[in-house]
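The block underneath contains the structure these notes are about, expressed in structure tokens.
Below, the structure is given as structure tokens:
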């Protein structure tokens, strides 16, 4: 069995879709906290079982017979949870079950010194993987292009991308990453340890995004620089939790430090084609 966790999320669902083009449906299993949201996958012949990183027994059942597992990283930190503890439970269970390879969705900023809080969590998880005794692959994803849309939706509506000083980011789509992740999960290629950065080919900061969005939409969209304190104040007024504000602040700090400015050809090589450019993302997005 090839197991995909988080199979009802933006990435996991796309991985399953691509995986179905590579292997028979009865070789695929999905692990999700809410199996009712994956009813259509069950109808397609995929094994659907409840799996929760906070419930080891559920993982033992959901991952039964697993040859390889794609462990989609937890986003618990933004909600005040502990993703590292959840990942530890998952890694321990994979070891108990004798899984042949554990693939983990890491991130380009993975480092104990990262300015981006999730980057530090990813680094800690990679360290656990390295000490697990399992064969493992850390998929160092670039920054999701949809995040550019989500973070700037309000600003684009009012004609200005607002935030602290930033830096260039090698944006990449969920679908490009999902296709490559599916190929690696299916064993079409093996990369041991951390992959090179899995990114798009272009790097854009918010000023460049504003210019590109102006061209795509035909509206005048500018770039407005504010302090970190002002950004936090405005975000707090929307009711965002402190964990989410810390992640957002860390994003700008990491971008300034160049943590996301690492374009690499590996993803395009895995796909056998060029990655989707940001202009296409903007054209079909909400900006």
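Numbering (the working numbering), first residue to last: 205 to 491.
Ideal Cβ positions, reconstructed from N, Cα and C, are used throughout, including at glycine.
Do residue j and residue i come within 7 Å of each other at the CB atom, strictly closer than that value?
i           : j           : result
residue 377 : residue 405 : no
residue 336 : residue 299 : yes
residue 403 : residue 374 : yes
residue 310 : residue 344 : yes
residue 389 : residue 206 : yes
residue 482 : residue 408 : yes
residue 573 : residue 466 : Residue 573 falls outside the range modelled here, since the chain spans only 205 to 491, and no answer is possible.
residue 368 : residue 433 : no
At the level of alpha carbons, what is the spacing between residue i and residue j?
i           : j           : result
residue 430 : residue 440 : 15 Å
residue 291 : residue 278 : 7 Å
residue 386 : residue 217 : 11 Å
residue 491 : residue 485 : Its pLDDT being 45, under 50, residue 491 is placed unreliably by the model, and nothing is read from it.
residue 262 : residue 447 : 27 Å
residue 248 : residue 229 : 7 Å
residue 241 : residue 288 : 25 Å
residue 268 : residue 293 : 15 Å
residue 314 : residue 238 : 29 Å
residue 215 : residue 379 : 7 Å
residue 444 : residue 286 : 18 Å
residue 372 : residue 458 : 10 Å
How would you write the range of the beta strand (DSSP E) that residue i sits in, first residue to last?
i           : result
residue 311 : 305-311
residue 341 : 340-345
residue 366 : 364-367
How far does the alpha helix (DSSP H) with residue i in it extend, from its first residue to its last?
i           : result
residue 278 : Neither: residue 278 is in no alpha helix (DSSP H) and is coded neither H nor E.
residue 421 : 410-421
Thinking residue i and residue j are a contact (beta carbons under 8 Å), I'd like their distance in whole angstroms, please.
i           : j           : result
residue 234 : residue 211 : 4 Å
residue 426 : residue 364 : 5 Å
residue 383 : residue 475 : 6 Å
residue 307 : residue 341 : 5 Å
residue 274 : residue 219 : 6 Å
residue 400 : residue 346 : No, residue 400 and residue 346 are not in contact; Cβ-Cβ is about 11 Å, not under 8 Å.
- prompt: Would you say the stretch 439-459 touches the stretch 314-323, given that touching needs at least three Cβ pairs under 8 Å?
  reply: yes
message: Taking 8 Å as the cut-off, does the stretch 250-258 touch the stretch 408-424 (at least 3 CB pairs, one atom from each stretch)?
response: no
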